[in-house]
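Following: one structure in structure tokens, then a few remarks.
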């Protein structure tokens, strides 16, 4: 498998990891596969190809790692979390938070270029759900958590559907 995985590009590897993690979650516990070596090979190959990935793709990788319960602390804390921190969506300085967001993406430009405050809140909630499930937090993880928490108030818009999401974010932090 390891030799074969190296023939794929980053997007194909990400799609494979997404499919494997979703399949694993759908299986009953007694039927779940123990494919740690396979997942490790995919992540090793992805590690060399993820420079062009944006925030959303990196978040998908983190979600897969969490779903698969595959904790590679070196990969997560030295590669994946720093990439998420560097490419996290932020509010554009030229407008209000509710009207324009910029998503820092890799050179490939994959992902969303503009979104809404609720869109950024949704991404940050997904990130928080992953971070709280990590067995340990590095300095990068703490910094990422801190920056996300600082942005949460800016995502609130009067009358928005984001109130339950912000309540969930606060609950996750306790």
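Numbering (the working numbering), first residue to last: 1 to 174. Ideal placement from N, C-alpha and C gives every residue a C-beta, glycine not left out.
{"query": "Cβ pair count under 8 Å reaching 3, the segment 60-74 against the segment 127-138", "result": "yes"}
{"query": "Euclidean distance between Cα positions of residue 13 and residue 127", "result": "21 Å"}
{"query": "Beta-carbon proximity list for residue 36, same chain, < 7 Å, skipping 5 on both sides", "result": "70"}
{"query": "Residue 136 (DSSP reduced to helix, strand or coil)", "result": "coil"}
{"query": "Beta-carbon gap between residue 55 and residue 88 smaller than 7 Å", "result": "yes"}
{"query": "Residue 131 vs residue 141 beta-carbon contact at 7 Å", "result": "yes"}
{"query": "Straight-line gap, residue 53 to residue 65 (C-alpha atoms, nearest Å)", "result": "16 Å"}
{"query": "Simplified DSSP state of residue 34, which is helix, strand or coil", "result": "coil"}
{"query": "Nearest-angstrom beta carbon gap, residue 68 and residue 21 [assumed within contact, 8 Å]", "result": "5 Å"}
{"query": "Exposure of residue 26, with buried meaning 16 or more beta-carbon neighbours within 10 Å", "result": "exposed"}
{"query": "Three-state secondary structure assigned by DSSP to residue 118", "result": "helix"}
{"query": "Distance CB(residue 81)-CB(residue 144) smaller than 7 Å", "result": "yes"}
{"query": "Runs of alpha helix (DSSP H) lying entirely within the segment 25-76, each at least 4 residues, in chain order", "result": "36-47 and 55-67"}
{"query": "Distance between residue 122 and residue 51 (C-alpha atoms, nearest Å)", "result": "23 Å"}
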